[in-house]
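For the sequence shown, position 87 matches number 87 in the numbering used here, and the numbering has no gaps at all. Below: one structure, written as structure tokens.
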Amino acid sequence: MKIIAVGMNYAEHNKELDSTLILPEEPVIFMKPDSALLKDGKPFFIPDFSKEIHYETELVVKISRLGKNIPKRFAHRYYDEATVGIDFTARDLQRKLRESGNPWEICKGFDNSAVIGKFVPVNKFNNIQEINFHLNIDGKRVQQGNTADMLFKVDEIIAYISRFFTLKIGDLLFTGTPVGVGPVAIGQNLQGYLDEEKVLDFDIR
Numbered sequence: 001m002k003i004i005a006v007g008m009n010y011a012e013h014n015k016e017l018d019s020t021l022i023l024p025e026e027p028v029i030f031m032k033p034d035s036a037l038l039k040d041g042k043p044f045f046i047p048d049f050s051k052e053i054h055y056e057t058e059l060v061v062k063i064s065r066l067g068k069n070i071p072k073r074f075a076h077r078y079y080d081e082a083t084v085g086i087d088f089t090a091r092d093l094q095r096k097l098r099e100s101g102n103p104w105e106i107c108k109g110f111d112n113s114a115v116i117g118k119f120v121p122v123n124k125f126n127n128i129q130e131i132n133f134h135l136n137i138d139g140k141r142v143q144q145g146n147t148a149d150m151l152f153k154v155d156e157i158i159a160y161i162s163r164f165f166t167l168k169i170g171d172l173l174f175t176g177t178p179v180g181v182g183p184v185a186i187g188q189n190l191q192g193y194l195d196e197e198k199v200l201d202f203d204i205r
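Okay, structure coming up:
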């Protein structure tokens with residue numbers, strides 16, 4: 001199982017991090033190891049190597065068919081479930097790595113940094129590119145987005161990724177985060193929603 005993620009896929013989030021409106025010409029892809037996966041409502045323990053762990057709320061789709069070099073027009077056939085996920089990022093490490101021009105793996109791929117909720121069928125929605133999603137912390141909405149605002153749509157991303165990696169059943173695609181990322185702290189409760197359905201619920205410890 002692979003965890004594939006897209007960076008810089010919402011324009012306002014790019015501006016939030018870099019103070020400029022970065023519009024990448026192609027999807028920005030990074031990977032997380034399978035040890036990054038956290039599911040079933042298990043708690044997230046803040047690691048001791050970072051003092052600034054940020055949540056990044058995302059739509060996550062699960063690959064349902066084996067595929068390579070998938071044309072964009074057929075990409076919708078390769079997933080049938082979606083959920084809300086959290087791409088936890090050690091922001092202090094990320095800044096340091098970016099400044100030195102080094103890879104991002106340790107700030108993005110550490111253990112339990114890829115949280116996923118309960119998957120729901122995508123046919124429940126009229127259009128995967130018109131889904132509202134949001135994150136509540138301790139009952140307060142802190143981040144929200146709509147998949148219509150993606151710079152690269154789900155089917156485009158799948159077509160692009162499959163040029164380089166064979167997609168396998170069970171692979172997970174984190175599709176990028178909208179504006180509104182922020183830090184987490186011990187004792188908080190995080191709840192993620194697709195439209196108004198709660199699909200994610202876990203604690204920070």
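The beta-carbon is built from N, C-alpha and C at its ideal position, and this holds for glycine as well. Only a predicted model underlies this, so the values are computations on that prediction, with no experimental measurement involved.
Option nearest residue i by Cα separation, candidates the options
i, options, result
"LEU190", "PHE74, LEU66, ALA11 and ILE116", "ILE116"
"ASN136", "ALA82, ILE128 and VAL199", "VAL199"
"CYS107", "ILE157, PRO178, TYR55 and GLY145", "TYR55"
"ASP201", "ARG65, LYS39 and LYS124", "LYS39"
"ASP279", "PRO47, ASP195 and VAL179", "Residue numbering for the chain in the displayed model covers 1 to 205; residue 279 lies beyond these limits and cannot be assessed."
"ARG205", "LYS32, PRO43 and ASP34", "PRO43"
"ILE128", "SER35, LEU37 and ASP195", "ASP195"
"ILE86", "ASP171, ILE186 and VAL181", "VAL181"
Where the alpha helix (DSSP H) through residue i begins and ends
i, result
"GLU105", "105-108"
"GLU156", "154-161"
"LYS96", "91-100"
Rounded separation between residue i and residue j - CA only
i, j, result
"ALA148", "GLU105", "28 Å"
"GLU12", "LEU23", "10 Å"
"GLN94", "GLY41", "26 Å"
"GLY192", "PHE164", "31 Å"
"PRO121", "ASP80", "6 Å"
"ILE4", "LEU66", "15 Å"
"ALA82", "ASP155", "13 Å"
"SER100", "ARG91", "14 Å"
"ILE53", "ILE161", "27 Å"
"PRO183", "ILE169", "33 Å"
"PHE49", "ASN146", "32 Å"
"PHE88", "GLU197", "22 Å"
"PRO71", "THR166", "13 Å"
"ASN123", "MET150", "20 Å"
"ALA159", "GLY176", "16 Å"
Endpoints, the beta strand (DSSP E) within which residue i is located
i, result
"LEU59", "57-63"
"LEU173", "172-174"
"LEU190", "189-194"
"PHE49", "From DSSP, PHE49 is part of no beta strand (DSSP E); its letter is neither H nor E."
"LYS42", "Run containing LYS42: none; DSSP gives neither H nor E here."
"LEU23", "Premise fails: LEU23 is in no beta strand (DSSP E) and is neither H nor E."
"GLN144", "140-146"
"LYS198", "197-203"
"ASN132", "132-137"
Residue j beta carbon less than 8 Å from that of residue i
i, j, result
"VAL6", "PHE174", "yes"
"VAL84", "PHE152", "no"
"ASP171", "LYS68", "no"
"GLY109", "PRO178", "no"
Residue-level contact to chain B via CB, residue i, 8 Å cutoff
i, result
"ASP171", "Going by chain labels, chain B is absent from the structure shown, which holds only one protein chain."
Any contact of the segment 64-76 with the segment 103-121, i.e. 3+ C-beta pairs under 8 Å?
-> Taking a cut-off of 8 Å for Cβ pairs, the segment 64-76 and the segment 103-121 do not touch, as fewer than three such pairs fall below it.
Taking contact to mean at least 3 C-beta pairs separated by less than 8 Å, is the segment 23-33 in contact with the segment 59-73?
-> no
If you pair each beta-carbon of the segment 173-190 with each one of the segment 127-146, do three or more pairs fall below 8 Å?
-> yes
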